[in-house]
């Protein structure tokens, strides 16, 4: 039972077919060819349409740069510091950069096989503590959870404590109960529960 750590700097960049940027996959589970969950960081270098992913729920958050706008049917501005934006992957909105390249964190989950979420970490009790406890409180083998940290953090479970370097993901499919994360600045958590 282990916490797996993946550094963004160790993930190979995969250029997009349209030449608009590159994607670095941090986690494709259970495998890259037939994934249920895919977590990645994208470097968007120029305007262009998103790819459509039918039967996939998507979450996206801007990490660096000024940000971008997703066009029809969403017409939403995404900037660093704003909440995670969730949308139906069957749509392929136009992405327009606000002012130069931007980098974003992306989670995709196949909705016919699982459900889940991505959200920014906040302190459970800002006035009384420095540790966030993840919402995952289950021991089901069908659950995955993890934390992506931009600045670095420490994750504590019932079994171990792991130092997470900056720009890294820590995740597990077998040690998913009672995670404590500290510090929480610039950290995002995900959960994926397989359909039964």
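Residue numbers (my numbering): 145 to 340. Idealized CB from N, CA, C, for every residue including glycine.
Span separating the alpha-carbon of residue i from that of residue j
i, j, result
"residue 216", "residue 222", "14 angstroms"
"residue 287", "residue 257", "12 angstroms"
"residue 253", "residue 289", "12 angstroms"
"residue 305", "residue 262", "22 angstroms"
"residue 278", "residue 299", "10 angstroms"
"residue 180", "residue 242", "31 angstroms"
"residue 190", "residue 220", "17 angstroms"
"residue 208", "residue 228", "14 angstroms"
Limits of the beta strand (DSSP E) - the one that residue i falls within
i, result
"residue 335", "331–338"
"residue 189", "Segment: none, residue 189 is in no beta strand (DSSP E) and carries neither H nor E."
"residue 290", "287–293"
"residue 232", "229–232"
"residue 297", "297–300"
"residue 326", "324–326"
"residue 259", "258–264"
Residue from the options with nearest C-alpha to residue i
i, options, result
"residue 333", "218, 266, 166", "266"
"residue 293", "146, 147, 151", "151"
"residue 194", "276, 174, 218", "218"
"residue 264", "206, 302, 214", "206"
Buried or exposed by the 16-neighbour rule on C-beta atoms within 10 Å, applied to residue i
i, result
"residue 165", "buried"
"residue 329", "exposed"
"residue 335", "buried"
"residue 260", "buried"
"residue 211", "buried"
"residue 154", "exposed"
"residue 183", "buried"
"residue 226", "exposed"
"residue 297", "buried"
Checklist entry - Are the region 230–243 and the region 200–212 touching, with three or more C-beta to C-beta distances below 8 angstroms? => result Between the region 230–243 and the region 200–212, the count of C-beta pairs closer than 8 angstroms reaches three or more; the two stretches touch.
Checklist entry - Taking three-plus beta-carbon pairs below 8 angstroms as touching, is the region 156–165 in contact with the region 318–328? => result The region 156–165 vs the region 318–328: no contact.
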